[in-house]
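Notes follow once the structure below has been shown.
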């Protein structure tokens, strides 16, 4: 450095940071031999905090005075901690050596997170399910002193990239622990991503506070479910949309007949009639066979216990069918009780589980309901 630069920087009159890089979180003010003139002007802009540290003492925890947004004339009056460290008992007018760090307190957004592999969840309807999740989060500096001691150290410029990878890993691991605890069924995860994000934020906010950071928000952008679970969800939706199977079959037959009859020429018309007749006949035979089986069920021996799967009404929705082991699991998690409505093939309507003789042993280990007060 030339003589002129040395002389012009030896006594600094203005201490400020004009940040032009949106990724810089913390900036150390640069000056010649760390010398600052007593009475120098310190400018802290909105969205910033400045911390003054006794030179070379950061590693010993000698963080000094904190300055909020405003303009200051540096003196022993507004640097009480540094004055005590330096031993300025009766005022001081000579240049002194100290380090000034500027902190950006605005939000840093669009930081990405993701689960480090699938998280295992227990779902009342699908059992054990492995789920992945991805999204973004936002943070800001909450405690400048803690950030300086825990993260920055003596680094001249501390950026988002310096901490993002570390935080991404911590969030991913913590979310794998949090996902099974958030209490949202697997089938509702994608429709309640805002709730899931809020629960995740509440669970892992303390992990950010230990670094002096505030977790502002967590957005869940994608929930990954196993292929078999997605197919099961699609099938359930299709069954609910169809409703009455007999009416649906008749409608499909009528549609096929109409499409075939619209073919030009006699052959197309005859083929349409034939296809429609065959379809109506086959569907009629199918439902007639089912009706006959229902009517003659009384003359046949009853099925072996547990040999027929049951459907269960859970929270107002139809679930199942469940074989014997699955019914035991539903009893264990409380989804199936004596008062639950159930239905199986051959029953005319839904009825209580306690009224079904082949289900009595499922509740053998459970106490009966309390008598009315």
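Numbering (the UniProt record's numbering), first residue to last: 1 to 373. Backbone N, C-alpha and C fix where the C-beta goes; we use that ideal spot for every residue, glycine too. In this text the structure is predicted, and so the values were computed from the model without any measurement.
Below 6 angstroms CB to CB, which residues in the same chain sit around residue i once its five sequence neighbours on both sides are set aside?
i, result
"residue 190", "223"
"residue 289", "Since pLDDT at residue 289 reaches only 48, below the 50 mark, its modelled position is unreliable, and the value read off the structure follows with that caveat. Answer for residue 289: no residue qualifies."
"residue 323", "309"
"residue 374", "No answer is possible for residue 374: it lies beyond the span of the chain, which begins at 1 and ends at 373."
"residue 17", "27 and 102"
"residue 205", "215"
"residue 146", "212"
Which residues in the same chain as residue i place their Cβ atom closer than 8 angstroms to its Cβ, once the five residues preceding and following it in sequence are excluded?
i, result
"residue 388", "No information on residue 388 is available, as it lies outside the stretch 1 to 373 that the chain covers here."
"residue 374", "In the structure as shown, the chain begins at 1 and stops at 373. Residue 374 is therefore absent and cannot be evaluated."
"residue 328", "362"
"residue 111", "136, 137, 138, 139, 160, 164, 167 and 168"
"residue 71", "41, 42, 43 and 44"
"residue 352", "338, 339, 340, 341 and 342"
"residue 30", "156"
"residue 121", "128, 129, 130, 131, 179, 180 and 186"
"residue 75", "38 and 39"
State buried or exposed for residue i, treating a residue as buried only when at least 16 other CB atoms are found within 10 Å of its CB.
i, result
"residue 65", "buried"
"residue 194", "exposed"
"residue 128", "exposed"
"residue 225", "buried"
"residue 199", "buried"
"residue 330", "buried"
"residue 144", "buried"
"residue 133", "buried"
"residue 334", "exposed"
Given this structure, state the Cα-to-Cα distance separating residue i from residue j, to the nearest angstrom.
i, j, result
"residue 229", "residue 186", "9 angstroms"
"residue 51", "residue 211", "16 angstroms"
"residue 294", "residue 359", "Any reading at residue 294 needs caution, since the residue's pLDDT is 47, under 50, leaving its predicted position unreliable; the model's value is listed next. So the alpha carbons of these two residues sit roughly 21 angstroms apart."
"residue 203", "residue 142", "18 angstroms"
"residue 354", "residue 123", "25 angstroms"
"residue 13", "residue 35", "10 angstroms"
"residue 197", "residue 37", "49 angstroms"
"residue 332", "residue 314", "14 angstroms"
"residue 218", "residue 201", "6 angstroms"
"residue 188", "residue 125", "12 angstroms"
"residue 348", "residue 336", "20 angstroms"
"residue 279", "residue 364", "Its pLDDT being 46, under 50, residue 279 is placed unreliably in this model, and the value from its coordinates should be taken loosely. C-alpha separation (whole angstroms): 48 angstroms."
"residue 344", "residue 256", "32 angstroms"
"residue 19", "residue 67", "17 angstroms"
"residue 4", "residue 96", "Low confidence applies to residue 4: its pLDDT is 41, below 50, so where it sits in the model is not reliable, and the reading given next is rough at best. Distance between the alpha carbons of residue 4 and residue 96 is about 20 angstroms."
"residue 231", "residue 350", "27 angstroms"
"residue 321", "residue 227", "20 angstroms"
"residue 356", "residue 371", "21 angstroms"
"residue 21", "residue 326", "58 angstroms"
"residue 209", "residue 162", "17 angstroms"
Contact check, residue i vs residue j under 8 angstroms by CB: the rounded distance?
i, j, result
"residue 184", "residue 176", "With 8 angstroms as the limit, residue 184 and residue 176 do not qualify as a contact, their Cβ atoms being about 15 angstroms apart."
"residue 119", "residue 28", "Rounded, the Cβ-Cβ distance is 40 angstroms, inconsistent with contact."
"residue 384", "residue 116", "Past the edges of the chain, shown from 1 to 373, lies residue 384, and the structure says nothing about it."
"residue 148", "residue 101", "6 angstroms"
"residue 103", "residue 220", "With 8 angstroms as the limit, residue 103 and residue 220 do not qualify as a contact, their Cβ atoms being about 29 angstroms apart."
"residue 171", "residue 113", "4 angstroms"
"residue 317", "residue 311", "Not quite, the Cβ-Cβ distance comes to about 10 angstroms (not below 8 angstroms), so this is no contact."
"residue 99", "residue 53", "5 angstroms"
Leaving out five residues on either side along the sequence, give the residues of the same chain with a beta carbon under 7 angstroms from the beta carbon of residue i.
i, result
"residue 73", "39 and 41"
"residue 374", "This structure gives no information on residue 374, because the portion of the chain shown stretches from 1 to 373."
"residue 267", "Because the pLDDT of residue 267 is 43, which lies under 50, any placement of that residue in the model is unreliable, and the number read from its coordinates should be weighed accordingly. So no residue of the chain qualifies."
Give the DSSP bridge partners of residue i, in chain order.
i, result
"residue 52", "100"
"residue 384", "For the chain, the structure presents residues 1 to 373; residue 384 sits outside this window and is missing."
"residue 133", "223"
"residue 123", "127"
"residue 71", "43"
"residue 26", "103 and 158"
"residue 217", "138"
"residue 351", "342"
"residue 111", "137"
"residue 14", "41"
"residue 35", "97"
"residue 66", "51"
Using only the heavy atoms of the ligand SAM, determine whether one of them is closer than 7 angstroms to the beta carbon of residue i.
i, result
"residue 211", "Absent from the structure shown: the ligand SAM. Ligands present: none."
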